[in-house]
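Visitor: Can you keep this structure in mind? I'll have questions shortly.
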């Protein structure tokens, strides 16, 4: 792991209210360059709201937040050039082929055609689907789609990639392969911000925060959290916090 | 600029890969031209008339045979009982009834005036007036004949035979040629108002729009990508519709085709932008369809397509200045039938161009890259 002291996300007192409902209650945390930051919490804990704010998709009610050096209130368009995002809902175009999807996303980030072609070849090679590039995405198995979606989210070499429950609904083998892709991205210096429900995945993170009812209840490395809560694994830690 | 090309490439691939698109592109114009134009007619071809002849004189028989000889009327029933005529009007077997009272022949023989009665089914006021006018015409011609037969002179009036009317722009008074340009406007409107907006909302439903919103795509680029494919489909369908109208009922395009298509492109931007504006405030395809359908009905009914705008109340005529269909129906008819050009129509074209800019700006402004 590349550990530095350079902060890529600085989040101070993030609050998001929807009417009288407080989705995110005073979240404060930093994310360092090159780390895998796990963002854990039960359904409805406020994870997706927070991730949307960090991606510039949603304006926070209050708080000082900067992502990749951009202010999330004013510099959202600049911010979007520097981040990648893969949402819970599957986000590739099913009626386009693998190649057409890559060409589209590469194109809208203003990537040079030559560079894009090279990257496309490398990527398809790595995913082992070089022979499938003219296949419609709709006809591919879910695991492939998710790996492809992740590769597309980091195609333009973002500083940070946000993954919102990226491995929902896939088998353990594919999940393992998916995490290998994440490690490769980290090697290239990309910071990974990931939400998940799977506690074994939490063990793969450098640091995890655990949210409950809109608040961050714990934030540390998995080892320290296990020690602190006197738990054998992250599953127990999570249950103790979320109850 | 390059970004826009990638967006357009993606949209065109998706639109033309969609198997539902082909029938829309080809079936829609054919059905509209071949069915709607024939159905939307006010031409009166045949009127059923019930005759109640209580006189049964030579004179009354002469009158009846005049009516019988007119291709416009078909005698659907004759009786001596006026109750039969009432029934005929109620059950729609007759559109109007002529009642000739007893002693009509005798009165005329004595040089007196003999009243007859015409009863008309006036549910449709327009056709009621028209058929009454036709029947009155037959009766007054009959009267003139009577006078001449009796050796009297017809008072000096303008005789129908002396006037020769020339009908401009639609010499045969062909109703289909009048309706076809208007129906083409509806065709172009359906494509513009529905397809672009529904396409955008579909991305909301599937969720791909969220991915778009985290990219640096500009709002205008995204909306232009949604607009262009349907602009081209709309122009293509207009061409197809004009060709069909030409083949099927000889509708001419008297004016410049290039001019017609240029104005059509402006109009398509207006309706497409309006559809996109509706889609930015809708979450589902049902919502946007409902709003578009509702607005289209109002636009069409007020546009002057079926009924002359000049006969509408003043407030409706004023409201019509907000109705893009009003302008385009007028422009289409003027260009195809009269051969009007830019000089004749520029205020209307300017209004359309203004709406194109306004609606597109509103759509871009209303589109949110945040959720």
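Protein chains in written order, with my numbering: chain A, 1 to 243; chain C, 1001 to 1371. Even for Gly, the Cβ is constructed at its ideal location relative to N, Cα and C.
1. Short of 7 Å in beta carbon distance, which residues of its chain neighbour residue 168 of chain A, apart from the five on each side in sequence? Order them along the chain.
2. Please tell me whether, using a cut-off of 7 Å, the distance from the CB of residue 177 of chain A to the nearest non-hydrogen atom of the ligand GTP is below it.
3. When you compare the CB positions of residue 193 of chain A and residue 239 of chain A, do they come within less than 8 Å of one another, or not?
4. What residue range does the alpha helix (DSSP H) around residue 154 of chain A cover?
5. Would you say residue 1112 of chain C and residue 1057 of chain C are within 8 Å of each other, going by their C-beta atoms?
6. Does the region 170 to 184 of chain A come within contact of the region 130 to 150 of chain A, defined as at least 3 CB pairs closer than 8 Å?
7. When the distance is taken between beta carbons, is residue 1049 of chain C closer than 8 Å to residue 1114 of chain C?
8. My parser needs the alpha helix (DSSP H) runs of 4 or more residues fully inside the region 139 to 224 of chain A; what are they?
9. With 8 Å set as the bound, which would you pick, yes or no: does the beta-carbon of residue 157 of chain A sit closer than that to a beta-carbon of chain C?
10. For a minimum of 4 consecutive residues, which ranges assigned as the alpha helix (DSSP H) are wholly contained in the region 1073 to 1161 of chain C?
11. Within 10 Å of its beta-carbon, does residue 1011 of chain C have 16 or more other beta-carbons around it, so buried, or fewer, so exposed?
12. Reducing DSSP to helix, strand and coil, say where residue 32 of chain A ends up.
13. Could you list the residues in the region 1210 to 1230 of chain C with a C-beta less than 7 Å from some C-beta on chain A, going in chain order?
14. Considering only C-alpha positions, which residue in the set C/1277, C/1071, C/1296 and C/1182 is nearest to residue 1308 of chain C?
15. Nearest to residue 142 of chain A by alpha carbon, out of A/64, A/174 and A/222?
16. Just the chain A side, please: which residues come within less than 7 Å of residue 1017 of chain C by C-beta, in chain order?
17. Identify the contact partners of residue 1208 of chain C in chain A, using a Cβ-Cβ distance below 8 Å as the criterion.
18. If we define contact as Cβ-Cβ less than 8 Å, is residue 11 of chain A a contact residue for chain B?
19. Smallest Cα separation from residue 215 of chain A: which of A/204, A/47 and A/178?
20. The beta strand (DSSP E) spanning residue 13 of chain A covers which residue range?
21. Classify residue 1304 of chain C as helix, strand or coil using the three-state DSSP reduction.
22. Between the region 1216 to 1235 of chain C and the region 1066 to 1086 of chain C, do three or more beta carbon pairs fall short of 8 Å?
23. Which residues, in chain order, does the region 107 to 120 of chain A contribute to contact with chain C at a C-beta distance below 8 Å?
24. Judging by CA-CA distance, which residue of C/1337, C/1169, C/1108 and C/1347 is the nearest neighbour of residue 1145 of chain C?
25. In whole angstroms, what separates the C-alpha of residue 213 of chain A from that of residue 153 of chain A?
26. Which ranges does the beta strand (DSSP E) cover as unbroken runs of at least 3 residues, wholly within the region 1236 to 1322 of chain C, from first to last along the chain?
27. Taking the beta carbon of residue 113 of chain A as the centre, do at least 16 other beta carbons fall within 10 Å, making it buried, or is it exposed?
28. Closer than 9 Å by beta-carbon distance: list the chain A residues that pair up with residue 1348 of chain C, in chain order.
29. Using the Cβ count rule (16 or more neighbours within 10 Å means buried), how would you classify residue 1343 of chain C?
30. Who are residue 41 of chain A's beta bridge partners in DSSP?
31. Tell me which residue opens and which closes the beta strand (DSSP E) that residue 1025 of chain C is part of.
32. So, does the region 182 to 197 of chain A touch the region 29 to 42 of chain A, judging by three or more C-beta pairs under 8 Å?
33. Based on DSSP bridge pairs, tell me the residues matched to residue 27 of chain A.
34. Comparing the C-beta of residue 37 of chain A with each C-beta of chain C, is any distance below 8 Å?
35. Taking only beta-carbon atoms, is residue 66 of chain A less than 8 Å away from chain C?
36. Can you tell me whether residue 67 of chain A is helix, strand or coil according to DSSP?
Guide: In short, the structure shows the following:
1. 88
2. With respect to small molecules bound, the structure shown includes none, and the ligand GTP cannot be examined in it.
3. no
4. Note, residue 154 of chain A: premise wrong, no alpha helix (DSSP H); not H, not E.
5. no
6. Under the Cβ criterion (8 Å, minimum of three pairs), the region 170 to 184 of chain A counts as touching the region 130 to 150 of chain A.
7. no
8. 142 to 153, 172 to 187 and 199 to 203
9. no
10. Annotation note: the region 1073 to 1161 of chain C contains the following uninterrupted alpha helix (DSSP H) runs of length 4 or greater, listed N- to C-terminal: 1082 to 1090, 1104 to 1109 and 1125 to 1149.
11. buried
12. strand
13. 1210, 1211, 1213, 1214, 1215, 1216 and 1217
14. C/1182
15. Selected option, being the one with the closest Cα: A/174.
16. Within chain A, the residues near residue 1017 of chain C are 95.
17. 91, 92 and 93
18. Protein chains A and C are contained in the structure displayed, whereas chain B is not.
19. A/47
20. 7 to 18
21. coil
22. No: fewer than three Cβ pairs fall under 8 Å.
23. Considering only beta carbons, the part of the region 107 to 120 of chain A lying closer than 8 Å to chain C consists of 107, 108, 109 and 110, in chain order.
24. C/1108
25. 29 Å
26. none
27. exposed
28. Those do not exist, as residue 1348 of chain C stays about 38 Å from chain A at its closest Cβ, beyond 9 Å.
29. exposed
30. Here residue 41 of chain A is bridged, per DSSP, to A/211.
31. Here residue 1025 of chain C belongs to no beta strand (DSSP E); instead the alpha helix (DSSP H) covers 1021 to 1031.
32. Below 8 Å, enough C-beta pairs join the region 182 to 197 of chain A and the region 29 to 42 of chain A to call them touching: three or more.
33. A/14
34. no
35. no
36. strand
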